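Below is one structure; the comments refer to it alone.
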Amino acid sequence: MDKNANTYRDLATASAIVNGKTELGEFDVFMCHNNQNKAEVIRIATKLKEKGIRPWLDEWELRPGLSWQRLLEQQIENIKSVAIFVGKNGIGPWQDLELGAFIREFIKRSMPVIPVILPDCQQPPALPIFLTSMTWVDFRKESPDPFEHLTWGITGKRE
């Protein structure tokens, strides 16, 4: 019973934190991904929200009929980090467009740029040169726990 109560309390606290960030228009991490990896990225984004981390995910934030590029340009100032997800299909065409703008902005602001290797990526991924110097989060491994590692990269706080 205590475990269930603690879990419920933790989820309620995380929800309140995310709601507060929503009111302020703040995001903790931009989820840059290939659409072929959408299901896995949504699963990770949902888990991040359960930890009080607010992800910017196109499916959740882009209003149909509006320019996604313009919206991203408006919101980039309110996003604190970027996670670049790479699966077996590599980096998608839209990721290339997103990456250039985000990398320049995040490096200029000294914000985290986190390459994330998804479980279905069998070979070492072909990352753009500027990402190879960044510390990866590797969901193909059990240790260190990839979700905790990603959370640390986003928040700067180690659990």
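Under my numbering, the letters of the sequence shown match residues 200 to 358, in that order. We put the beta carbon where it would ideally sit given N, CA and C, even for glycine. The model shown is predicted, which means the values in this text are computed figures rather than measured ones.
Closest in alpha carbon position to THR350, among ALA282, ALA215, ARG262, LEU330, is ALA282. Under DSSP, ASP337 shares a beta bridge with ILE316. DSSP, reduced to helix, strand and coil, places PRO254 within a strand of the structure shown. In this structure, DSSP gives GLY299 a helical state, which the three-state scheme calls helix. About 7 angstroms separates the beta carbons of PRO324 and GLY289, which is inside the 8 angstroms limit, making them a contact pair.
Around ASN277, the same chain offers GLY224, GLU225, PHE226 as residues with beta carbons nearer than 7 angstroms, after the five sequence neighbours per side are excluded. Residue nearest to PRO345 within the set PRO327, ILE328, ILE313, GLN322 is ILE313 (criterion: CA-CA distance). In its chain, beyond the 5 residues on either side, VAL240, PHE284 have a beta carbon closer than 6 angstroms to the beta carbon of HIS232. Around the C-beta of GLY286, 16 or more other C-beta atoms lie within 10 Å, and the residue is accordingly described as buried. A Cβ-Cβ distance of about 7 angstroms is found for the pair TRP255 and VAL228, placing them in contact under the 8 angstroms criterion. Judged by beta-carbon spacing, GLY251 lies within the 8 angstroms limit of THR212, meaning their Cβ atoms are closer than that value. SER280 sits away from ILE216, with the two beta carbons spaced by 8 angstroms or more. When ASN236, GLY219, SER266, LEU210 are compared, the shortest CA-CA separation from VAL315 is found for ASN236. Distance from the CA of ASP337 to the CA of PRO318, rounded to the nearest whole angstrom, comes to 8 angstroms. In the three-state scheme derived from DSSP, where H, G and I count as helix and E and B as strand, GLY219 is classed as helix. The Cβ atoms of GLU358 and GLU341 do not sit closer than 8 angstroms to each other.
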